[in-house]
Each structure stands twice: as structure tokens, then as C-alpha cells.
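Working notes, structure below.
Number of protein chains: 4
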Amino acid sequence: MIKRKELYNEILHLSVSKELNIRFNEVDSLGIVWHGHYISYFEDGREAFGLLHGIDYLTVQREGYTTPIVKSICEHKLPLRYGDVCRIETTFVDTPTAKLIFRYRIFNAHDQLACTGETVQVFLDAANNLVLNTPAFIIDWKKKMGLL
Amino acid sequence: MIKRKELYNEILHLSVSKELNIRFNEVDSLGIVWHGHYISYFEDGREAFGLLHGIDYLTVQREGYTTPIVKSICEHKLPLRYGDVCRIETTFVDTPTAKLIFRYRIFNAHDQLACTGETVQVFLDAANNLVLNTPAFIIDWKKKMGLL
Amino acid sequence: MIKRKELYNEILHLSVSKELNIRFNEVDSLGIVWHGHYISYFEDGREAFGLLHGIDYLTVQREGYTTPIVKSICEHKLPLRYGDVCRIETTFVDTPTAKLIFRYRIFNAHDQLACTGETVQVFLDAANNLVLNTPAFIIDWKKKMGLL
Amino acid sequence: MIKRKELYNEILHLSVSKELNIRFNEVDSLGIVWHGHYISYFEDGREAFGLLHGIDYLTVQREGYTTPIVKSICEHKLPLRYGDVCRIETTFVDTPTAKLIFRYRIFNAHDQLACTGETVQVFLDAANNLVLNTPAFIIDWKKKMGLL
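Residue numbers (the numbering used here), protein chains in the order written: chain A, 140 to 287; chain B, 140 to 287; chain C, 140 to 287; chain D, 140 to 287.
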């Protein structure tokens, strides 16, 4: 994981756990999940977080923003296999900058840590311009979540 | 392949051959290309055809249409494996109805027929309404191709 | 759907319904699910069927067989969109030949029929040879299901 | 990019450039390539490097090893769009540890830097055990490449 200055603060209680079912077609010829599919699992986790806490993609779009990913990191500790029922934990990382940061932990069928990851998103407005200040609806959301 | 009435006419000389490189991540745990990826190969073939003959996706969009797939058929004769250099042949199937129909033949590294397929596309206008008559730019294109 | 001789018999009560959540990354630039992803949905449906009725991939592998797809058909009636909660119904099609045949119906968020499809699988033994007679464990399974 | 100690050394002349054609199905509903597909582009780049310089997947497997990815990083500077002809540069990063490290730079149709990335692979032997010392065939390869 990238070393972060103290202004990035993982909010441990703002975390959502979601079951992951490994698809047959996500497993490669070595019998393990192909590493690229984890990026899709992170999106599943991020979506579960957004739906539970009211900042899902469609809400963000209705507010007039899109939030493209500008950085992804993925570290693999243990392989995942077809038939495994896994779990992804998605945790919000608070930052005063105009970004959305999430950390991910994927646990295998034996509840062992199999993968960690992080994504960083920025805000674009309706004209596709980068937004330099955190949008008002995110400020409101952070207040509601007790972060501000 | 679905049996067709005589008004569907495979135009054997309107065919484009394109090299296919099998990606590592397209191969499943049985060591063969997962069957769903062939739909992407068909799209590669269709795009090669469109680019060569001037009816690629972006041209169609500039004309004010989209052409969603309404039917796909895929039949597998032989498996494909990672490292194989294969080839897809995409052939235009002429029809008086307002559809785009293509047939596909994928040949393996030994030039054996590994897969056949077919896709059917319809035309939607800018308002997403189904177009019942073949658009003028397709009529013009068919004339240019000697089909009308 | 391909016209079948009477020896193919859709077993309407051998059907499994499964919720489908459309992923953001399955939607294309037209705002609808890219047609190739339906093949993955069919696999989700087939897996749900197999797990419920005891003929899932891992069971089949333990019996010493693999069951590659030799044919897929997919027909689209209505588009699916991100955020839709859909449903796939997977129905067993009985045949005396050494094949596994499934039919699929995908319903959109308003329970409208959005897609139909069919897959055909054959049996390969441990030496990757095509099996011409239905394997004993499938005969047993059909008896248990009241098909024989 | 992760800050690295001086023992990681990007070998600028050990770099391979490969054309990337953006597929229609790689573009999301925002009209840009979905971020997860870059991991597949990195694999394309790594494969082009391996094939040119004799350390491709199949060669590595013949030597009795597999090289799973244990870390991926991807940073996006500019979006990529359907129809763009892009380019990926894959550069070898030398390390005395038993790892394969590659850096990636993706350039868009205007030759602007659109994405940077890095992958780290380890070596597993035929029994799937982690190899702690660089395999002999990699040592030989590094000598041939003038790195040792």
C-alpha cells in the first residue's frame, strides 16, 4: 500500500462487507482467478458501499458528476479459486482533497486475507472538467457520516 | 447455423480475414478459450470488415444510427489455446430486411475450422426507435458493393 | 430458438430462477449491457441450476468429465441497463443424446422478457475424448429428477 | 509510482512498443475505456516483451515455472476512447530479488501519455512453491541481455 501522509485517514467503521462468488470464467489456465478480475471485484465492493451509504454511481450521476478512477493498486497474498465463496471488505478513506478513496480487503473461503487494494477517484463536472473542491453533496454526506 | 429462406444470401466475396491472437486471460481452467470470448472475436471480425468496407461503428454513428446485436449464434468445432495464432473470416450476408447480418469462421493455428457463428443487428435511429426500412446510407453502400 | 425435433423436451418444472445484478463494467458506450456479457449471465444461471440440482461443474469434474459448450444462441428483446435488478431463469432441456442442453430467459427490472438463449454442452472424458453415450452419473441424476 | 530503493533499476533500452487497438466492448457508459481493461493491456505489453526477448509465458512454463502477478499499479492521466490507435511501452525493471518487474506507459492517439503502470511477478516452481532465488534460466537471460 502506498505510504500516505496523515491527511489520509482510513475510517474503519465506514466499511461494508460483501460476499463474492468466483465465476468459472474468471479463473485462468493456472486454476486461479486471473489478476485483472480483482479490479471488477473492487468495483463490486465499491458499489455495495455506495448503495448502503448513499453515494452509489447513479446518485453521483444525478448530482451532475462522474468519478473516474485515476489510480488502482492491487496486491495478492493468496490465490482465489472457482467455487470459493469469498468476501470483500470496502473501507472509506477520508481525505480533505477532492477525491474518493477506498481500500479493499478480499478474504478467501477460509477467511484468510487473499488480496488488498486501493482505488482513487476524482470528480468531473457535467462539462468533464476536473473539480478541485469537494462537491457540496459529498461535504453533506461526510457530515451525515460524522466525518466533518 | 439457422436455416434461412432464400432471401438471405451469403456474399462470399464480401469477406475479410483478420489474425486473432489468443490472450492468456481468455483461456479458462481447462486450458481452452472460454466460449464467451468468441463473441468478442466476432466483434473484432465485424470491426475489421467495417473498417475495410466503410461501415464501421463510428461511421454508422455519424450517420445517426446505432446497430445493436439482436441475435448471436456460436458453434464450436475445435478448441483454441493460448499461443495459437488464429484467423477469423467475416462474411456479409445480404438481406432486403433492415438488418445487418454477418457470418464468422474462425480457423485455428493449423487452419482447421474451429468455430462458426452469426450475428444479426438492427438499426436504431437517434431517438432509439427501431428502423423498419434499410437506411439510405446502407442502400448507397450496397450499391457501391455491387449488391443492388 | 432453433427448431428441434420432438426428442428435445424442455422440462418446465426443472427450472431455477436467479437474481442478476448488472455490473457497471458490463454496460457499453450506448448505455446498455454489451451483448457478449449475456454468455456470462447464462453461465451464472447454469451454475445456479447445477448447484441446486447437484450437477454443478465441480461435481461433473469429480465424476471425471468436462462439459465444454459446443453451441450458444442468444436473442435480445429489450436492453438491460446498469442498476437494473434482473432475473435469469434456467431450464433443463431433456434429450436422449449425450448432451446437456439449457434454455435461458432473462427478465428485466419490470419483469419483461429481455433475452432468451440456449446452450449445448457435450461430455469429454478424462482423456478429452468425446463421450457418445450419456454418462452413468447423468442417467442416475435423470432418474432422481423423474426424467427416466 | 511506488518509491523504490536503488536496487530497482528501470532498464530503458529493454523496452518494447506495441500498438493497442481499443475494442468497442472495452469502453464503458461514460465513453472511455473502463479502468479494469488496462490490466489486460499491460498483459498485452508484457507478452509482446516476452515474445521479443524470449521470456514469454510459454517459455517460462517449459522451464517449469509459473509467474503469478503479486502486485499491479495503474495510474490514469488521460482517458482512451473507442477508435483510438494507442501504443503501450513495456520496460524491464531489473532487480536482484526473485521477481519480474515491468513498467508500462500507454500513449493515446496523439502520442500523449495516458497511463502508467507497474506489475510485480514472483516465481512458483512445479510444486507451486515460491522460489526465493532467481531461477537459472532468468540469470542466463539477464546475462544475454547484458544485465549481469
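Glycine included, C-beta positions come from ideal geometry on N, C-alpha and C.
As summarised for the stretch 185-245 of chain A, the continuous alpha helix (DSSP H) elements at least 4 residues long and confined to that stretch are 196-201, given in chain order. Legend: CB atoms of the stretch 167-187 of chain C lying less than 8 Å from CB atoms of chain A belong to residues Ser-179, Glu-182, Asp-183, Glu-186. DSSP places Ile-277 of chain B in no beta strand (DSSP E) but in the uninterrupted alpha helix (DSSP H) bounded by 275-283.
Between Leu-286 of chain C and Asp-250 of chain A, the alpha-carbon positions lie close to 40 Å from each other. According to the DSSP assignment, Leu-159 of chain C belongs to the beta strand (DSSP E) that extends over 148-160. A direct Cα-to-Cα measurement between Leu-190 of chain C and Leu-197 of chain C gives close to 9 Å.
Secondary structure at Gly-170 of chain D: coil, using DSSP grouped into helix, strand and coil.
Beta bridge pairing from DSSP links Leu-263 of chain D with D:Thr-205, D:Leu-269.
Of all residues in the stretch 144-166 of chain D, none has a C-beta nearer than 8 Å to a C-beta of chain A. Using a Cβ-Cβ cut-off of 9 Å, Val-209 of chain D is close to His-174, Glu-214, His-215, Lys-216 of chain A, given in chain order. At least one CB of chain B lies nearer than 9 Å to the CB of Tyr-221 of chain A. Under a criterion of Cβ atoms nearer than 9 Å, the residues of chain D adjacent to Tyr-196 of chain B are, in order, Phe-163, Tyr-221, Gly-222.
Listed by position along chain D, the residues whose Cβ is nearer than 7 Å to that of Thr-205 of chain A are Leu-169. With at least 16 other beta carbons inside 10 angstroms of its own, Asp-167 of chain C counts as buried. In this structure, A:Val-199 is the residue among A:Val-199, A:Arg-185, A:Glu-165, A:Ala-187 with its C-alpha nearest to the C-alpha of Asp-279 of chain A. The beta carbon of Ala-265 of chain D is closer than 6 Å to those of Gly-203 in its chain, skipping five residues each way along the sequence. Linking Ile-245 of chain D to Tyr-177 of chain A through their CA atoms gives a straight-line distance of about 21 Å. Residue state for Gly-175 of chain C is assigned as coil, using DSSP reduced to three classes. The Cβ atoms of Ser-156 of chain A and Glu-228 of chain A sit closer than 9 Å to each other. Remark: C-beta atoms of Gly-184 of chain A and Tyr-221 of chain A do not approach each other more closely than 9 Å. By the Cβ neighbour-count rule, His-152 of chain A is exposed, with fewer than 16 other Cβ atoms within 10 Å of its own.
Glu-158 of chain B is classed as exposed because its beta carbon has fewer than 16 other beta carbons within 10 Å across all chains shown. Shown here for Val-209 of chain D: same chain residues with a beta carbon closer than 6 Å to its own, the five before and five after excluded, namely Val-259, Val-261 in chain order. Looking from the CA of Glu-186 of chain C, the closest CA among C:Asn-164, C:Phe-241, C:Tyr-147 belongs to C:Phe-241. Taking a contact as a CB-CB distance under 8 Å, the pair Cys-225 of chain B and Ile-161 of chain B counts as one, their CB atoms being some 6 Å apart. Bridge partners of Leu-252 of chain B according to DSSP: B:Phe-246. Buried is the label assigned to Asn-247 of chain D, since at least 16 other Cβ atoms lie within 10 Å of its Cβ. In summary, Gly-193 of chain A is exposed, with fewer than 16 beta-carbon neighbours lying within 10 Å of its beta-carbon over all protein chains present.
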